[in-house]
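Working notes for the structure below.
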Amino acid sequence: RHGQIIFQGFDTGKAGDSMLLRLRRQMCMVFQHTYMFNASVYQNVSYGLRLRGIKCPELQTRVKEALSFVGMSDFSGRNALKLSGGETQRVALARAVAFRPQILLLDEPTANLDPDSVALIERLVQRIHETTHTTVLIVTHNLFQAKRLADEAIFLYEGNLIEKTPVPQIFTEPQSEVTRRFVSGTMVY
Numbered sequence: 024r025h026g027q028i029i030f031q032g033f034d035t036g037k038a039g040d041s042m043l044l045r046l047r048r049q050m051c052m053v054f055q056h057t058y059m060f061n062a063s064v065y066q067n068v069s070y071g072l073r074l075r076g077i078k079c080p081e082l083q084t085r086v087k088e089a090l091s092f093v094g095m096s097d098f099s100g101r102n103a104l105k106l107s108g109g110e111t112q113r114v115a116l117a118r119a120v121a122f123r124p125q126i127l128l129l130d131e132p133t134a135n136l137d138p139d140s141v142a143l144i145e146r147l148v149q150r151i152h153e154t155t156h157t158t159v160l161i162v163t164h165n166l167f168q169a170k171r172l173a174d175e176a177i178f179l180y181e182g183n184l185i186e187k188t189p190v191p192q193i194f195t196e197p198q199s200e201v202t203r204r205f206v207s208g209t210m211v212y
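For what it's worth, my numbering labels the leading residue of the sequence shown as 24, then goes sequentially.
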């Protein structure tokens, strides 16, 4: 099992340490279970920026813009550990947006959230893509979410890339039997 990840013309598997660091700094990841520090929402969003050496006033501007973008400005001084699941995911998105990444990686960002929070997170993801032209790569088991958010689908099964196609086609004309079984709901994994 092997493959290549080409980013900005570079094979990431062959990039040296300094090049790999430069490429990684253009990406940001939001996990399904986001970790928050026992600190304010503002401090949670600003932490990574401070590690990268971003100073005031740019740091303050980025944090305020990111919190405003996700509708969490009023939560800036609240302890991040006291937030609901949906609020925590919005702070995680703000933390990512503050970096201004070229690629945003999302691992099941709406798993275990209530329907209203799912809809809000999905709208934010769409807005991130539309307003910043950030490439968004989202991992989801939710077929309906894939239909709503994605232009292109990549179906992985047992560590193998089975199919890569425009989203409508994966549902109407799957190219492999395992994909057909998955999208029809007959494959249990």
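Glycine included, every Cβ here is placed at the ideal spot set by N, Cα and C.
Which whole-angstrom value describes the C-beta separation of residue i and residue j, a residue pair presumed to lie in contact below a C-beta threshold of 8 Å?
{"i": "Val86", "j": "Arg113", "result": "Contact doesn't hold; Cβ gap of about 14 Å is too wide."}
{"i": "Ser213", "j": "Ala103", "result": "Residue numbering for the chain in the displayed model covers 24 to 212; residue 213 lies beyond these limits and cannot be assessed."}
In whole angstroms, what is the alpha-carbon distance linking residue i and residue j?
{"i": "Thr195", "j": "Ile77", "result": "47 Å"}
{"i": "Ile28", "j": "Thr154", "result": "25 Å"}
{"i": "Gln192", "j": "Val206", "result": "11 Å"}
What do you get for residue i, buried or exposed, if any count of 16 or more other CB atoms within 10 angstroms of its CB means buried?
{"i": "Glu186", "result": "buried"}
{"i": "Leu106", "result": "buried"}
{"i": "Arg75", "result": "exposed"}
{"i": "Leu72", "result": "buried"}
Once the 5 residues before and after residue i are set aside, which same chain residues still bring their CB inside 8 Å of it?
{"i": "Glu145", "result": "Thr133, Gln168, Arg171, Leu172"}
{"i": "Gln149", "result": "Leu172"}
{"i": "Leu179", "result": "Ile185"}
{"i": "Arg101", "result": "Ser63, Val64"}
Check whether the Cβ atoms of residue i and residue j sit closer than 8 Å, and answer yes or no.
{"i": "Leu129", "j": "Val159", "result": "yes"}
{"i": "Gly182", "j": "Leu136", "result": "no"}
{"i": "Val190", "j": "Glu175", "result": "yes"}
{"i": "Leu127", "j": "Cys51", "result": "yes"}
{"i": "Val120", "j": "Ile161", "result": "no"}
With a CB to CB cut of under 6 Å and the five nearest residues on each side skipped, what residues in its chain are close to residue i?
{"i": "Phe30", "result": "Leu46"}
Quick one: residues in its chain with C-beta nearer than 7 Å to the C-beta of residue i, no 5 flanking neighbours on either side, listed in chain order?
{"i": "Met9", "result": "Nothing about residue 9 can be read from this structure; the chain reaches only from 24 to 212."}
Quick check: is any heavy atom of the ligand COA less than 7 Å from the C-beta of residue i?
{"i": "Gln66", "result": "With respect to the ligand COA, the structure offers nothing, as it holds no ligand at all."}
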